[in-house]
Amino acid sequence: MEAKVRLYVEQPLGTGQAVAVGPEQANYLFAVMRLAVGAPVLLFNGRDGEWLAHVADAGKRRGALICAAQTRALQPLPDVWLLFSPVRKERTHFIVEKAVELGVARLMPVSTRFTQSERWRHDKHLAHVVEAAEQCGATVVPELCEVQPLAQVLKGWPEGRALIWADEALAGQSGTRESSALTDITGAPAAILVGPEGGFSEEEKALLRSLPYVRPISLGPRILRAETAVVAAVALWQAAAGDWR
Ligand code: SAM
């Protein structure tokens, strides 16, 4: 029988290891997905790879799974971060989901001069991160940071990490040295910065241009929506320097 469910858990995984299931997961596994004793489930915890387990106890509010065998080794995420400005709710959900599917190690929401969004619902976005990792077959759940001001993030920028800035001012300037910066980046660590719907302010642009670790890039001749720009930029980086190669 093929496993219908893939679940992120925090407990250790190994041959014969029992994994206790709490009320929320029990409801999902045994009420929503209707898994019975003996049903297969795939588990991962971000440390031990992916494991096939079977339901050993399927109660209303709790249950137990027993690990049988490892199905995949741990596949670490490429060392790239995504800095993005939260946009409207469903579009932020899209950004979070796609970034996890495309493969980033850390999602960093940043507030900028023109960031226009509702309250950042960290718990909801974290649930979307876990859900996306479960769905896409990742063996590690990316880290999700709380929102921080862009200027503060830039102030504490770690040495040796390039910041690839999707700069709409370069739209259409293909062939320029800046627009090909991505192909110069042969490896991690890196980060990608995409702005809000209103773009970056003049002060933010001046600050970004003044920083030695910032590499401005073009994402082609058309102005993309913020969420499209995230997908395009991460895909370009993955193809040039990430784990798609
Ligand atoms: N209203 C802004 C303007 O025209 O100045 C457009 C902002 S765009 C909707 C949102 C973000 O996507 C930008 O801040 C930038 O990071 C990225 N972006 C969109 N199209 C781009 C392009 N062709 N090249 C580089 N970055 C782009």
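Just so you know, numbering that gives the first Met the number 0 puts 223 at position 224 of the sequence shown, and the rest follows in order with no gaps. C-beta atoms are modelled at their ideal positions from N, C-alpha and C, and glycine is treated no differently.
Closer than 7 Å: is that where the CB of residue i sits relative to any heavy atom of ligand 1?
i: Glu142; result: no
i: Ala150; result: no
i: Ser217; result: yes
i: Asp47; result: no
i: Phe199; result: yes
i: Ile222; result: yes
i: Leu169; result: yes
i: Val193; result: yes
i: Glu203; result: no
i: Glu96; result: no
i: Ala190; result: no
i: Glu9; result: no
Please report the straight-line C-alpha distance between residue i and residue j, rounded to a whole angstrom.
i: Gly171; j: Leu76; result: 31 Å
i: Leu206; j: Asn26; result: 50 Å
i: Ser200; j: Ile163; result: 17 Å
i: Val8; j: Gln115; result: 34 Å
Ends of the alpha helix (DSSP H) at residue i?
i: Gln237; result: 225–240
i: Pro249; result: Coverage of the chain is limited to positions 0 through 244, which leaves residue 249 absent and any answer about it impossible.
Go to residue i, then tell me how far its beta strand (DSSP E) extends in each direction, as first and last residue.
i: Ala68; result: 62–71
i: Arg208; result: Not the beta strand (DSSP E): Arg208 falls in the alpha helix (DSSP H), residues 201–209.
i: Pro215; result: 213–216
i: Trp50; result: 49–57
i: Ala190; result: 189–193
i: Phe43; result: 39–43
i: Val79; result: 79–83
Mind listing, in chain order, the continuous alpha helix (DSSP H) runs of no fewer than 4 residues lying wholly within the region 94–166?
121–135, 149–154
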